[in-house]
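The sequence shown begins at 1 in our numbering and counts up by one.
Glycine is no exception: its CB is placed at the ideal position from the N, C-alpha and C atoms.
Presented below is the structure to which this report refers.
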Amino acid sequence: MNSANNMTKYSLRSWVLVLALAPTILVGILLGSYFTINRFYELEDTLVEQGSNIIEPLAIASEYGLASNNREASKRLLAAAQLNKSTLVKSIAIFDADNQLFVTSHYHKDFEVMRYKDTLASLRGTEIEHVGDSLVLRTPIFALNPGGEPQVNAGPLDNSNRIGYISILINKEKALLEQHRAAVAAFIIVLIGVQLNLLFTFRLVKNVTQPITEMVRVVAKIREGKLDTRLTGNLIGELDLLKRGINAMAGSLSEYHDEMQQNIDQATSDLRETLEQIEIQNVELDLAKKRALEASRIKSEFLANMSHELRTPLNGVIGFARQLIKTPLHSSQLDYIRTIERSATNLLSIINDILDFSKLEAGKMVLENMPFAFRDTLADTLRLIGGSAQEKSLELVVDIDPDVPESLSGDAIRVSQIITNLVGNAIKFTDQGSVLLKVQRVGSADDRVLLRCEVTDTGIGIAETQQDLLFQAFGQADSSISRRFGGTGLGLIITKRLINQMGGQIGFSSTPEKGSTFWFTLPLEHSHFQIGDSLPVEKLAGKKALLFEPRSLSHNLLLRRLTHWHMKVTGLHLRQDLAGALADEASHFDVILISCHGFTDPDELVFTLKLARRHTDSLILLNDSFEQQIVQSKLRSNADTVLPMPVSDHVLARNLIYRPLEIDASPAQAVNQPTAERHSLTVLAVDDNLANLKLIDTLLKELVTNVIAVGSGEEAITQAQKRNFDLIFMDIQMPGIDGITATRSIRQESINRNTPIIAVTAHAIAEERELILGSGMDGYLPKPIDEAALKGVINRWLSRPKFTHFDLHTLNWDLCLTQANQKPDLALEMLKMLLDSLPQTVAQIHQALDAKDQEKMLGTVHKLHGASCYCGVPATQKLCQEIESALKRETAIEDMEPEILELLDELTKVESAAKQVLSQLSVELSDDKKTGLL
């Protein structure tokens, strides 16, 4: 990539010059070097050859003088030889066998250079030695043989006739001069060749690169939009073809440009018209949006008003029906009143379904995220709808896997609504057989758990052609179903949308006349707090239990539960087997569980219970078939505990572990007798509807000693200015001064500024509730008024603690109760867990602050923030949120030091306030549990 970029840095002219000159120069240098070096070697070989032609004859001629030791003759010989080659030979010398100078042609200062350095025996023939600018040749001198022939080529081992050697110093200056001349000549020839190449190269550049440069310039102008630019002149070869191509391309581009410009003009005109149309449509859409928003507002207002208008008469109908049930009535009258109460309750359920569907459609359904006990929530839900299964003699079974966690966080009310809809539908469409609710944990990650719930029935099933219509609003699989079973057709669509909003999925499978299975998955969070009591089930290990349950589903489920607790279980299906087991006088069980099923006569069941009591200290009766009157009058006195079916794991385990209290066998009190002592309280009740005012006045007089009932907001303000009240129940929608305005007036200008004011309203929309609680009211009681809910409100505010030693922003007990779903024991448990964790949390914050450890500080504050969301500590929660948000934005700890120090001070206040609340309320809640208030 880099080499390609480097190539584009140079022009075509540069590349042509380089590619043309480089080979010529390289070849010229190589050839010149080759011939010059070859000439050097030729001159040197010629010089050596000349020296050899001189020294070898002299070696033969000087044998006589050296052998006869005639220096004079040898000197004349050498002088004559040197004079003959005076320009070539510098000096000639003869050395004897002892390597001593015998004679020389003339004195030479460097004659030592001519001496042979090695032993004379190693000199076998003519040897050459280069010394600076001279050449030294040495040849051995041999004595003549008897025949008079020299021993020049004697063998290497024949040293007896070697009498010396001759050495010649030859001048190389002439040879070197010839070599320099050859080098200069080669350089001149190469230079001339390069110049000729330059001449032709520049000619090529002129004929090729200049036209190409012109083409580049023309293409640049065309790119700039000057499409009338053309190339001119005659060019050679392919360049002329390229010129014609560029001119043709420019012409085509010019035509395309003109055509495109025409299209653009046309498109611009069309776009302008389209934009005008879009602008008109936007205006229409804006008007439609405003109309839709107005329609939505009107719809919400209509729902609120309809909710109020429908619930207000229902409040009177249901409330007075329940009050009438308390009076002495004969059986037919009691049946009529209960039918009226059930019908009104069903109508209320339909109204609630329509309101829930409307909120889901409008996207105004707000889900809570509160800790709750999963098994207790299911037990409470199924207890409400279990009566329907009992009326139809259906087997209702709840199978929850042991690995499903108990303490979860989510919207318990909506979970209960989902179970109610699905199990209620299963009961509604099943005439005989069973309804099974199975709950499994199918996945978990971090703090979340994924539950899968299945509701299986043996009902009428759903035809395959009708299954696509199942999750449509106001529709049922078969139109005849609504006539036969009733219902609005909203239950499943509400369930589906609730599950989807909670992040789950729902589906089903069904076979006509065999039954259906509805399943859904529900992701919930693990609760940071332990909800409910932890039972020591290990105490059940090894205990003997006798189980009689003729129905297979319930029998297998109970058998699995007891076996899971490591109990030794004897399971029986038939009454004959039960009678046989109880006939053995020696048998004894730690606990006996007997189901009412299999007994049609209560007297037979009483006999069996009396017989079973002889064999156990703990006798538990499982009932979902006999009426409550029969249970109270005949069965309860013969069993230690009567548990309604289906029974939850915790309820069953609690009754197995702890021995039941002694049963009061006295007859049940008549329903019309008062069951509780009234509280000494003065309560103000406000409602513009006379029927509702009379109802709440009647209900309150059963619970408190003094009730003042008024029919308008003006009268409520007047009464609040005259006397003190312990509690005020205020209707919201009233003519003239409504409940919210009256509340604000009471809070500002009366002696009841701190008196708890409870809203009693038929509004059921979340926004209305927020408005009510934000207006200064302390609580909310929906219509129709439930007697138990009313009693719970009075008990809660009656036992409301008074804290004066700390700010409500530090610790707000009412907020703590709200975050704990109005469960005081849970609120105390979460507050205690927060208090126990504070020392470690404060220490970790100090360590992170000192070490400037941002990651540790973020983790500690995040954990504290999560705990503060459930303990009613608004100031701590707000500081944690600010610090956590800043740390996530990578704000330095030094910049957050004031907020961190403020948090530490606030934690000190929280610790002091929590200790006061725990010390005061722990005793009160314990007393309440003993007296049955909680």
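Item	Value
Inter-stretch contact (C-beta, 8 Å, three-pair minimum) for the stretch 160 to 172 and the stretch 38 to 58	yes
Nearest candidate by alpha-carbon position, reference Thr718, set Lys610, Ser750, Gly736, Gln390	Ser750
Per DSSP, cross-strand counterpart(s) of Ser134	Val131, Asn171
Test item: CB-CB of Tyr394 and Val435 under 8 Å	At residue 394 the sequence reads Leu, which differs from the Tyr that was named. In this structure, Val435 lies closer than 8 Å to Leu394 by Cβ.
Three-way DSSP call (helix, strand, coil) for Ala914 in this model	helix
Cut-off 8 Å between Cβ atoms - residues of its own chain near Thr741, not counting five sequence neighbours on either side	Gly713
Sub-8 Å separation of Leu499 and Ile418 beta-carbons	Checking the sequence shown, residue 499 turns out to be Ile, not Leu. Contact flag set, yes.
Residues of its chain near Leu231, where Cβ-Cβ distance is below 7 Å and the 5 sequence neighbours each way are ignored	Glu214, Met215, Val218, Lys243, Ile246, Asn247
Buried versus exposed call for Lys290 [16 or more other C-beta atoms within 10 Å across all chains shown]	exposed
Three-state class that DSSP yields for Ala639 in the structure shown	coil
Pairwise C-alpha distance: Leu367 and Leu652	31 Å
Phe142 (DSSP reduced to helix, strand or coil)	strand
Assigned secondary structure, Gly410 (DSSP; H/G/I helix, E/B strand, else coil)	strand
Limits of the alpha helix (DSSP H) - the one that Pro602 falls within	602 to 613
Every unbroken beta strand (DSSP E) inside the stretch 701 to 787 [3 residues or more]	704 to 710, 727 to 731, 757 to 761, 779 to 782
7 Å CB neighbourhood of Gly164 in its chain, flanking five on each side removed	Leu66, Ile94, Phe95, Asp96, Ala97, Phe102, Ile141
Beta-carbon proximity of Met734 to Ile758, cut-off 8 Å	no
For Glu56 and Thr126, believed in contact at Cβ under 8 Å, the rounded distance	6 Å
Closest residue to Ala612 among Ile708, Arg796, Arg575, Leu384 (Cα-Cα distance)	Arg575
Ser595 - partner residues in DSSP beta bridges	Leu622
For Thr682, the three-state DSSP class (helix, strand or coil)	strand
Integer-rounded CB distance, given that Thr841 should sit under 8 Å from Leu864	5 Å
Residues near Gly736 in its chain [Cβ-Cβ closer than 8 Å; skip 5 each side]	Ser712, Gly713, Glu714
Own chain partners of Phe599 with C-beta closer than 6 Å, once the 5 adjacent residues on each side are dropped	Leu605
Residues that Trp519 bridges to, as DSSP identifies them	Glu454, Gly507
Neighbourhood of Thr743 by C-beta distance below 7 Å, restricted to the same chain and skipping five residues each side	Met730, Ile757, Ser775, Gly776, Met777
Length of the line joining the Cα atoms of Ala586 and Thr381	42 Å
Alpha-carbon spacing of Asp335 relative to Met502, whole angstroms	41 Å
Cα-Cα separation between Lys791 and Lys852, rounded to whole angstroms	54 Å
CB contact flag (Leu681, Ala639, <8 Å)	no
Own chain, CB closer than 7 Å to Ala183, minus 5 neighbours either side, in chain order	Thr36
Distance CB(Pro550)-CB(Gly386) smaller than 8 Å	no
N-terminal and C-terminal residue of the alpha helix (DSSP H) that Thr876 is part of	874 to 888
Beta-carbon contacts of Leu918 that lie in its chain and below 8 Å, excluding the five residues immediately before and after	Leu828, Leu831, Lys832, Leu835
Ile280 classed as buried or exposed, judged by whether at least 16 other C-beta atoms fall within 10 angstroms	exposed
Proximity winner among Pro371, Ile728, Asp905, Asp688, relative to Pro313 (alpha-carbon distances)	Asp688
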